[in-house]
Amino acid sequence: MIALWVVLGILAILVLMFIAIYNGLVRLRNQVKNAWAQIDVQLKRRHDLIPNLVETVKGYMKFERETLEAVTRARNLAQQLPPSAGAGERAKAEGELSSALARLLAVVERYPDLKANQNFLALQEELTSTENKISFARQFYNDSVMKYNNQTQMFPSNIVATMAGFKPGEFFEVTVAEEREAPKVSFS
Amino acid sequence: MWEQVRSNQTRTIVLVVSLAVVFLLLGYSLGMFFFDNGTMGVIVAIIVWAIMNLIAYFQGDNILLAVSGARKIAPDDHKRLYNVVEEMKIASGLERMPDIYIIDDPAMNAFATGRDPNKAAIAVTSGLLQNLNRDELQGVVGHEIAHIKNRDVLLMAMCSVLLGTIVILAWYGSRFLFYGGMGRSRRTISTGRGGGGAIIIMLVALVLLVLAPIAAQLIYFAISRRREYLADASSALYTRYPLGLASALEKIAASPYQLRAANQATAPMFIVNPFNRKMTELTSTHPPIAERIRILRAMAGASLADYDRAYREVKYDRKGIIPGAAAAGLVPIRAPSPEPPDEVQQARETSNVMWRLSNYSVIECACGTKLKLPPTFRGSEIRCPHCGRLNSP
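Line by line, the protein sequences give chains A and B. With the first sequence counted from 1, adding 3 to any position gets you my numbering. With the second sequence counted from 1, adding 677 to any position gets you my numbering.
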């Protein structure tokens, strides 16, 4: 009789542990999703800013057509990625866009008139901030993914993770070399 | 990485518990003194504490904002400030955007309120906005967001209520002792119930009455300083740029102004102690600025572990400040942001926000002069003091 109770007790504890670990994993996975949504919002914001920027800059920059076209092209490529694209693919496209933007804004140096334009200054603040937000959101996303992946790979939660089919998350890595060297856009 | 912040809380808990112990001891000894019953005293003390807590809770955090004359701004009022706060909100993973307030004061300071991270607010002075560049502002805002994220606002509010209760109990206790309580306590002793033991208890109670408020104050300061270091470390981690906060602190330390609206209870929430008085480290809510700057400048990376290492180097303290941080991974420091608009433009931008918040209307004269009209202006025309043209508002 006692043995039965002991077995039942152990079973109950195991079930409770399973539930706790499962819920913990779900919480972490939701955090990863939420963090991804944050990056997404900022990437969209940047896509929306670029036509404006190109429009403002075009009038001043007669001889930089290629730079401008590169920005527009990179932006369109990044925007046309299907929503199903993974973090790695997105990161690559967005990295291209970042470096195209950085080249454009480096060229701005040669146009003092442009740097005095109020419209451009406002855009510049927005763009700096959006770049920052993207990198901060990426920090938070990667930290969340690391936490989640650790949890899916460590004992004993890895057992629950394989049983319930929790897949490891994908990091949002910057793949473009230039971007890694100079993550900030240089305006001045 | 964020887990480490939580593991550091054990030492804070030790300090808070000792504060509570001082509180209960005081209650017990007062009870022994006046009711011959320690438990009774503890109950009374807890009731007083509960009432104080209710008052503090219902007064809300807004009282601090109201007292300091802070005005809430919309995103478009000051784009840069709003963006910087949003950046830090994203970096810290805070769920809701805190409200942003500006205080019209040349002193350079900032504070955070909000027991609940979802109902938080950040206030900065106009002096701060005028003098800090983007990276520095980010460091300061990161520090304040860290106070919200680490739940320091709630912690310090609870501690300050506890401290306040101890001070009040000790104060009333000593008044009763000298004016009313004496007869009663003498009677208790003369009934012979306690004898020598009772006298010893009386003496202990007397000593506690004097020492409790002092001890409580010192513990309170210790908790506050610990949370400041932690907020600095978190700010460096969020911004990935400890030099921004370091240089902001340098500018703040060099500023001669003192914040007009500040009081002792709210002091721990500011970025630097709003009182300029000379204080030893033991009796201040904030660590010395010079030390905070040295630690931030000594950081090799931006992680909490790097802060801990720098802290140990600068303070010659082997225990460190964030014990659990050793395992954190490599977090490189980022490059500085490009320089924002020059200082004149920055000052003008800030003062324009202040005019707008005071409901002044601005008309631009054809000569380029900006005329600022007070909300009480009723005339139909105004002459430009510069070129003499008549403008209609």
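Yeah, the Cβ is synthetic: ideal placement off N, Cα and C, and Gly gets one too. Being a predicted model, the structure only gives us computed values, none of them experimental.
- Query: Expressed to the nearest angstrom, what Euclidean distance is found between the alpha-carbon atoms of B:LEU936 and B:PRO951?
  - Reply: Against the second sequence, residue 936 of chain B aligns to sequence position 259. Against the second sequence, residue 951 of chain B aligns to sequence position 274. One C-alpha to the other measures close to 6 Å.
So, helix, strand or coil for B:LEU809, using DSSP?
-> In the second sequence, residue 809 of chain B corresponds to position 132, counting from 1. If DSSP states are grouped into helix, strand and coil, B:LEU809 belongs with coil.
If distances are taken between C-alpha atoms only, which option among B:VAL817, B:ALA847 and B:ALA768 comes closest to B:MET785? Numbered from its first residue, the second sequence carries residue 785 of chain B at position 108. For the residues B:VAL817, B:ALA847 and B:ALA768, the minimum Cα distance to B:MET785 belongs to B:VAL817.
Grab me the residues of B:LEU1034's own chain with a C-beta within less than 6 Å of its C-beta, minus the 5 sequence neighbours each way, in chain order. One-based indexing of the second sequence puts residue 1034 of chain B at position 357. Same-chain partners within the cutoff: ARG748.
*Sequence-distant residues of its chain with Cβ nearer than 7 Å to B:SER924 (five each side left out)*: Within the second sequence, the letter at position 247 stands for residue 924 of chain B. Result list for B:SER924: GLU813, in chain order.
* To do: Classify B:ARG773 as helix, strand or coil using the three-state DSSP reduction.
  => Indexing the second sequence from 1 puts residue 773 of chain B at position 96. DSSP places B:ARG773 in coil when its eight states are reduced to three.
### Distance, A:PHE169 Cα to A:ASN33 Cα
Counting from one through the first sequence, the residue named residue 33 of chain A turns up at place 30. Counting from one through the first sequence, the residue named residue 169 of chain A turns up at place 166. Straight-line Cα distance between these residues: approximately 12 Å.
Among B:TYR778, B:SER932, B:ALA977 and B:ARG1060, which residue has its Cα nearest to the Cα of B:ALA800? By one-based count along the second sequence, residue 800 of chain B stands at place 123. Selected option, being the one with the closest Cα: B:TYR778.
Quiz prompt | Residues in the stretch 754 to 788 of chain B having any Cβ partner in chain A nearer than 7 Å | solution = LYS756, ARG757, ASN760, GLU763, GLU764, ILE767, ALA768 and GLY770
Check: What residues in the stretch 1026 to 1041 of chain B have a beta carbon less than 9 Å from any beta carbon of chain A?
Finding: none
Margin query: Helix, strand or coil for B:ALA800? Go by DSSP, reduced to three states.
Written below: Looking up residue 800 of chain B in the second sequence gives position 123. Note: B:ALA800 maps to strand in three-state DSSP.
Practice prompt. Please state if the CB of B:ILE780 and the CB of B:LEU907 are separated by a distance shorter than 8 Å.
Written response: As a working mapping, residue 907 of chain B is identified with position 230 in the second sequence. As a working mapping, residue 780 of chain B is identified with position 103 in the second sequence. Taking 8 Å as the Cβ cut-off, B:LEU907 and B:ILE780 do not qualify as a contacting pair.
Would you check if the stretch 115 to 128 of chain A and the stretch 21 to 32 of chain A touch, i.e. whether three or more CB-CB distances between them fall below 8 Å?
-> These segments do not touch.
Q) Who are B:VAL881's beta bridge partners in DSSP? A) One-based indexing of the second sequence puts residue 881 of chain B at position 204. Note: B:VAL881 sits in no beta bridge, so no partner.
I'd like to know if the stretch 882 to 898 of chain B and the stretch 971 to 989 of chain B are in contact, where contact means that at least 3 CB-CB pairs between them fall below 8 Å. no
**Report entry** Min CB distance A:THR131 to chain B below 8 Å
**Finding:** Against the first sequence, residue 131 of chain A aligns to sequence position 128. So, interface residue.
Could you work out which residues of chain B lie near A:ASN135, taking near to mean beta carbons separated by less than 7 Å? To locate residue 135 of chain A, count along the first sequence from 1; it is residue 132. Within chain B, the residues near A:ASN135 are GLU764.
For B:PRO933 and B:GLY978, which I take to be in contact (beta-carbon distance under 8 Å), what is that distance rounded to the nearest angstrom?
The residue labelled residue 933 of chain B in the question sits at position 256 within the second sequence. The residue labelled residue 978 of chain B in the question sits at position 301 within the second sequence. With 8 Å as the limit, B:PRO933 and B:GLY978 do not qualify as a contact, their Cβ atoms being about 34 Å apart.
- Message: One question on the structure: do B:ARG903 and B:THR1046 come within less than 8 Å of each other, judged by their Cβ atoms?
- Response: Translated into positions along the second sequence, residue 903 of chain B becomes position 226. Translated into positions along the second sequence, residue 1046 of chain B becomes position 369. In this structure, B:THR1046 does not lie closer than 8 Å to B:ARG903 by Cβ.
Short of 8 Å in beta carbon distance, which residues of its chain neighbour A:GLN121, apart from the five on each side in sequence? Order them along the chain. The residue given as residue 121 of chain A occupies position 118 in the first sequence. Nothing meets the Cβ criterion.
How is the alpha helix (DSSP H) around B:GLU927 delimited, first residue to last? In the second sequence, counting from the first residue as 1, residue 927 of chain B sits at position 250. Unbroken alpha helix (DSSP H) run through B:GLU927: 919 to 931.
- Could you say which of B:HIS755, B:MET709, B:LEU846 and B:ILE750 lies nearest to B:MET729 if we only look at CA atoms? Residue mapping note: residue 729 of chain B aligns to position 52 of the second sequence, counting from 1. Answer by Cα proximity: B:LEU846.
For B:VAL1025, three-class secondary structure by DSSP
Stepping through the second sequence from its first residue, residue 1025 of chain B is reached at position 348. The sequence shown places Arg at residue 1025 of chain B, not Val. In this structure, B:ARG1025 counts as helix in the three-state DSSP scheme.
Practice task
Using a Cβ-Cβ cut-off of less than 9 Å, list which residues of the stretch 140 to 151 of chain A approach chain B; keep chain order.
Solution key: ALA140, GLN142, PHE143, ASP146, SER147, MET149 and LYS150
If you measure between the beta carbons of A:PHE143 and A:ALA38, is that distance less than 8 Å? On the first sequence, position 140 is the one that residue 143 of chain A refers to. On the first sequence, position 35 is the one that residue 38 of chain A refers to. In contact: A:PHE143 and A:ALA38 (Cβ atoms closer than 8 Å).
field: Neighbour list for A:GLN41 in chain B, Cβ cutoff strictly below 7 Å
entry: Position 38 of the first sequence, counted from the first residue, corresponds to residue 41 of chain A. Per Cβ cutoff of 7 Å: ILE767.
Tell me which residues share the same chain as B:ARG863 and place their Cβ nearer than 6 Å to its Cβ, disregarding the 5 neighbours each side in the sequence.
Taking the second sequence and counting its residues from 1, the one referred to as residue 863 of chain B is at position 186. Note that B:ARG863 scores a pLDDT of 48, beneath 50, so its modelled location is shaky; the value from the coordinates is reported in the next line. Within the same chain, B:ARG863 has no close Cβ partners at all.
Where B:ARG1011 falls: helix, strand or coil (DSSP):
Position 334 of the second sequence, counting from 1, holds the residue named residue 1011 of chain B. Reduced to three states, the DSSP call for B:ARG1011 is coil.
Notebook entry, point to check: If you drop the 5 nearest sequence neighbours on each side, which residues of the same chain put their C-beta closer than 8 Å to that of A:GLN45?
Noted result: Numbered from 1 along the first sequence, position 42 holds the residue referred to as residue 45 of chain A. Same-chain partners within the cutoff: THR133, LYS136, ILE137 and ALA140.
- Round the Cβ separation of B:ILE758 and B:LEU806 to the nearest angstrom and send it over; I've been treating them as touching at under 8 Å. Counting from 1 along the second sequence, the entry for residue 758 of chain B is found at position 81. Counting from 1 along the second sequence, the entry for residue 806 of chain B is found at position 129. Checking the sequence, you will find Leu at residue 758 of chain B rather than Ile. The Cβ separation is near 6 Å, so the contact holds.
* To do: Go ahead and label B:HIS963 buried or exposed: buried means 16 or more other beta carbons lie within 10 angstroms of its beta carbon, across all protein chains shown.
  => To locate residue 963 of chain B, count along the second sequence from 1; it is residue 286. Buried is the call here.
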